[in-house]
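J.: The opening residue of the sequence shown carries number -6 in our numbering; numbering runs sequentially from there. Would you mind keeping the following structure in view while I ask a few things?
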Amino acid sequence: MATSKVLAGAQVVLPTGTLTNGRVIVDGARITGSAPADAETLDLTGHWLVPGFVDIHNHGGGGASFTSGTVEDVLKGIHTHRLHGTTTVVASTVTGEMDFLAQRAGLLSELAEQGDLAGIHFEGPFISPCRKGAHSEGLLRHPDPADVRKLLDAARGQARMVTLATELPGGIDSVRLLAEHGVIAAIGHTDATYEQTVEAIDAGATVATHLFNAMPGLGHRAPGPIAALLEDERITVELINDGTHLHPAAFELAFHHAGTDRVALITDAMDAAGFGDGRYMLGPLEVEVKDSVARLVEGGSIAGSTLTQDRAFKRSVTVDGLSVEDTVRAISANPAKLLGQYDKVGSLEPGKDADLVVLDAAFDVKGVMRKGEWVVEPL
């Protein structure tokens, strides 16, 4: 059991606002309201104290893949992202054979059951060949509810989200199936019209998978899925804020129209995140990472990102001009609420897990705590 700690002097970002010269008390693995007399005090004057980051769309990192790696590989990827402040991560798969994805679901569900992961996100194979991105076209299939149910069963209650091109045959019925089982139906890698997207939202879809990417652009006569996803208050939009996937104007447009409570910052990270340039495999496809940008060797499509959430946080504040409070909502609170885990993570409140990040005045990570234990010891 971790010793009691008082983290004092920082600008502490709470759901109600920022507390100057605030303090957070940690007792064991949780945040508490009072400190024992022998509690260790750490002076964090000049720093920010924010909740641990929550990433609901992440394929790996540290040279390791959540889709194809061993248990040890997956744990390495999880640890890599923890070093960058992500204390809660959902493991995302990419398109593969159904039996292979079911086998991966079994492996990942074990890690979720023991608390290393917050669940599983299936990105593919139920996506449009017109908007496949870095997914193997030969392995794509329609979202037959029977196939969707097969993956849910293989995940043993640990499936959190499935990305679908809901305009495909079986798409709407699969959305309803997911909603009935308490699993997020995410609209993405889609060629849907505006009207088809509205139908999917009415059926129970609640998330836009990396908005703008892998879907038709916004048109003035054919507004497509982007307009439907931005305007509907039932939808949370994922955004990859790495400076490559989105122009700053598109990022601002999404925040302006969706509002701060409907944006979830994600990484869509692949193996190279926190590792470096080189050649990698994303499912069955070869990827070249050059200057931190991942693209398919054949065709050149963007293939996930090398983003970590600390970089997304810093860019949102220093480049895009978001407030620290709004950034915290998008990177911690909103995704935690989507996962149904806001009672445990996503904010610095008594009773919740002691998951937090120490940032300096330049918004660089100086400390990371998960469940009361330092992953990165504050300098």
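The beta-carbon is built from N, C-alpha and C at its ideal position, and this holds for glycine as well.
Beta-carbon within less than 6 Å of Val19's beta-carbon, same chain only, minus the 5 sequence neighbours each way: which residues are those?
T.: Here the question's residue 19 lines up with position 26 in the sequence shown. Here the set comprises Lys(-2), Ala347 and Gly365.
J.: Would you tell me roughly how many angstroms separate the C-alpha atoms of Met274 and Thr229, rounded to the nearest one?
T.: As a first step, residue 274 must be located in the sequence shown, where it is residue number 281. As a first step, residue 229 must be located in the sequence shown, where it is residue number 236. Whole-angstrom Cα-Cα distance: 30 Å.
J.: Check whether the segment 223 to 239 touches the segment 189 to 209, counting contact only when three or more Cβ pairs, one atom from each stretch, lie closer than 8 Å.
T.: Enough Cβ pairs lie closer than 8 Å, so yes.
J.: From which residue to which residue does the alpha helix (DSSP H) around Phe93 run?
T.: Working through the sequence shown from its first residue, we reach residue 93 at position 100. Element bounds for Phe93: Met91 to Glu106.
J.: Going by the beta-carbon positions, is the gap between Val280 and Asn327 smaller than 8 Å?
T.: For the purposes of this step, residue 280 is identified with residue 287 of the sequence shown, where counting begins at 1. For the purposes of this step, residue 327 is identified with residue 334 of the sequence shown, where counting begins at 1. Against a cut-off of 8 Å, the Cβ pair of Asn327 and Val280 comes out as no contact.
J.: Which residue from Lys283, His77 and Phe306 puts its Cα closest to that of Gly293?
T.: Within the sequence shown, residue 293 is the residue found at index 300, counting from 1. Closest by alpha carbon: Lys283.
J.: Which same chain residues end up closer than 7 Å to Met(-6) when comparing Cβ atoms and leaving out the 5 residues on each side of it in sequence?
T.: Here the question's residue -6 lines up with position 1 in the sequence shown. The predicted model places Met(-6) with a pLDDT of 43, which falls under 50 and marks its position as unreliable; any figure quoted below should be read in that light. Here the set comprises Gly21.
J.: Could you tell me whether the segment 295 to 314 touches the segment 151 to 161, using the rule of 3 or more Cβ pairs below 8 Å?
T.: No, because fewer than three Cβ pairs between the segment 295 to 314 and the segment 151 to 161 fall closer than 8 Å, the two stretches do not touch.
J.: Does DSSP put Met(-6) in a helix, in a strand, or in coil?
T.: Against the sequence shown, residue -6 aligns to sequence position 1. Residue placement at Met(-6) is poorly supported in this model, since its pLDDT is 43, which falls under 50; the coordinates still yield a value, given next. Note: Met(-6) maps to coil in three-state DSSP.
J.: Starting from Phe115, trace the alpha helix (DSSP H) both ways and give me its first and last residue.
T.: Walking along the sequence shown from the start, residue 115 turns up at place 122. Here Phe115 belongs to no alpha helix (DSSP H); instead the beta strand (DSSP E) covers Ile113 to Glu116.
J.: Would the segment 116 to 129 and the segment 62 to 80 be scored as touching if the rule is three or more Cβ pairs under 8 Å?
T.: Touching, no, given that fewer than three Cβ pairs across the two stretches are closer than 8 Å.
J.: Near His40, which residues of its chain fall below 7 Å by C-beta distance, leaving aside the five closest residues on each side in sequence?
T.: Numbered from its first residue, the sequence shown carries residue 40 at position 47. Closer than 7 Å at Cβ, skipping near neighbours: Ala3, Val351, Leu352, Asp353 and Lys359.
J.: Can you give me the Cβ contacts of Ala198 inside the same chain, cut-off strictly under 6 Å, excluding the 5 residues immediately before and after it?
T.: Looking up residue 198 in the sequence shown gives position 205. Once the five neighbours on either side are set aside, the close Cβ partners of Ala198 are Val168, Ala178 and Ile180.
J.: Please classify Gln189 as buried or exposed, where buried requires at least 16 neighbouring CB atoms within 10 angstroms.
T.: In the sequence shown, counting from the first residue as 1, residue 189 sits at position 196. By the 10 Å Cβ count, Gln189 comes out buried.
J.: With a cut-off of 8 Å, does the C-beta of Val6 fall near any C-beta of chain D?
T.: Any reference to chain D falls outside this structure, which holds one protein chain only.
J.: For the beta strand (DSSP E) containing Glu231, list its first residue and its last residue.
T.: Sequence index remark: in the sequence shown, residue 231 carries index 238 (1-based). From DSSP, the beta strand (DSSP E) with Glu231 extends over Thr229 to Ile233.
J.: Looking at the unbroken alpha helix (DSSP H) that takes in Val168, where does it start and where does it end?
T.: Stepping through the sequence shown from its first residue, residue 168 is reached at position 175. Start and end: Gly164 to Glu173.
J.: Report all residues from its chain with a CB closer than 6 Å to the CB of Gly112; omit the five preceding and five following residues, and keep chain order.
T.: Stepping through the sequence shown from its first residue, residue 112 is reached at position 119. Hits under 6 Å: Val83, Ala105, Gln151 and Arg153.
J.: Pull up the DSSP beta-bridge partners for Thr79, would you.
T.: Counting from one through the sequence shown, the residue named residue 79 turns up at place 86. Paired residues: Phe46.
J.: With distances taken between CB atoms, is the gap from Ala296 to Ala98 smaller than 8 Å?
T.: Here residue 296 is taken as the residue at index 303 of the sequence shown, counted from 1. Here residue 98 is taken as the residue at index 105 of the sequence shown, counted from 1. Going by C-beta atoms, Ala296 is not nearer than 8 Å to Ala98.
J.: Between which two residues does the alpha helix (DSSP H) harbouring Glu318 extend?
T.: Stepping through the sequence shown from its first residue, residue 318 is reached at position 325. Note, Glu318: alpha helix (DSSP H), Val317 to Val321.
J.: Would you check if there are 3 or more beta carbon pairs closer than 8 Å linking the segment 54 to 70 to the segment 257 to 269?
T.: Taking 8 Å as the limit for Cβ pairs, the verdict is that the segment 257 to 269 does touch the segment 54 to 70.
J.: Can you check DSSP and say which residues form a bridge with Glu279?
T.: Walking along the sequence shown from the start, residue 279 turns up at place 286. BP columns for Glu279 point to Met274.
J.: Would you say Arg272 and Thr183 are within 8 Å of each other, going by their C-beta atoms?
T.: Within the sequence shown, residue 272 is the residue found at index 279, counting from 1. Within the sequence shown, residue 183 is the residue found at index 190, counting from 1. Going by C-beta atoms, Arg272 is not nearer than 8 Å to Thr183.
J.: Quick one: give me the first and last residue of the alpha helix (DSSP H) that Asn327 is part of.
T.: Sequence index remark: in the sequence shown, residue 327 carries index 334 (1-based). First-last of the alpha helix (DSSP H) with Asn327: Asn327 to Leu331.
J.: Tell me the rounded alpha-carbon separation between Leu258 and Asn234.
T.: Within the sequence shown, residue 258 is the residue found at index 265, counting from 1. Within the sequence shown, residue 234 is the residue found at index 241, counting from 1. Distance between the alpha carbons of Leu258 and Asn234: 7 Å.
J.: Thr38: buried (16+ other C-beta within 10 angstroms of its C-beta) or exposed?
T.: On the sequence shown, position 45 is the one that residue 38 refers to. With fewer than 16 Cβ atoms within 10 Å of its Cβ, Thr38 is classed as exposed.
J.: CA-CA distance, Phe306 and Ala1?
T.: Along the sequence shown, read from residue 1 onward, the residue named residue 306 stands at position 313. Along the sequence shown, read from residue 1 onward, the residue named residue 1 stands at position 8. If you take the alpha carbons of Phe306 and Ala1, they lie about 22 Å apart.
J.: I need the DSSP call for Leu0, collapsed to helix, strand or coil.
T.: As a first step, residue 0 must be located in the sequence shown, where it is residue number 7. DSSP places Leu0 in strand when its eight states are reduced to three.
J.: Cβ atoms of Gly45 and Leu349: under 8 Å apart, would you say?
T.: In the sequence shown, the residue the question calls residue 349 occupies position 356. In the sequence shown, the residue the question calls residue 45 occupies position 52. The answer is yes: Cβ separation under 8 Å.
J.: Considering Cα atoms alone, identify which of Glu130, Gln107, Leu170 and Asp109 is closest to Asp137.
T.: Locating residue 137 in the sequence shown gives position 144, where the first residue counts as 1. Minimum Cα distance to Asp137 is reached at Leu170.
J.: Whose C-beta lies closer than 8 Å to the C-beta of Glu90 among residues of the same chain, with five residues either side of it excluded?
T.: Counted from its first residue, the sequence shown places residue 90 at position 97. Closer than 8 Å at the Cβ level, and outside the excluded window around Glu90, lie Leu132.
J.: Per DSSP, which residues does Met362 bridge with? Please list them.
T.: For the purposes of this step, residue 362 is taken as the residue at position 369 of the sequence shown. Per DSSP, Leu349 and Trp367.
J.: Taking 7 Å as the limit between beta carbons, can you name the residues of its chain near Glu318, skipping five residues before and five after?
T.: Looking up residue 318 in the sequence shown gives position 325. Around Glu318: Val6, Gly10 and Thr11.
J.: Exposed or buried, Pro241, counting other C-beta atoms within 10 Å across all chains shown (16 or more means buried)?
T.: Locating residue 241 in the sequence shown gives position 248, where the first residue counts as 1. Counting Cβ neighbours within 10 Å, Pro241 comes out exposed, since fewer than 16 surround it.
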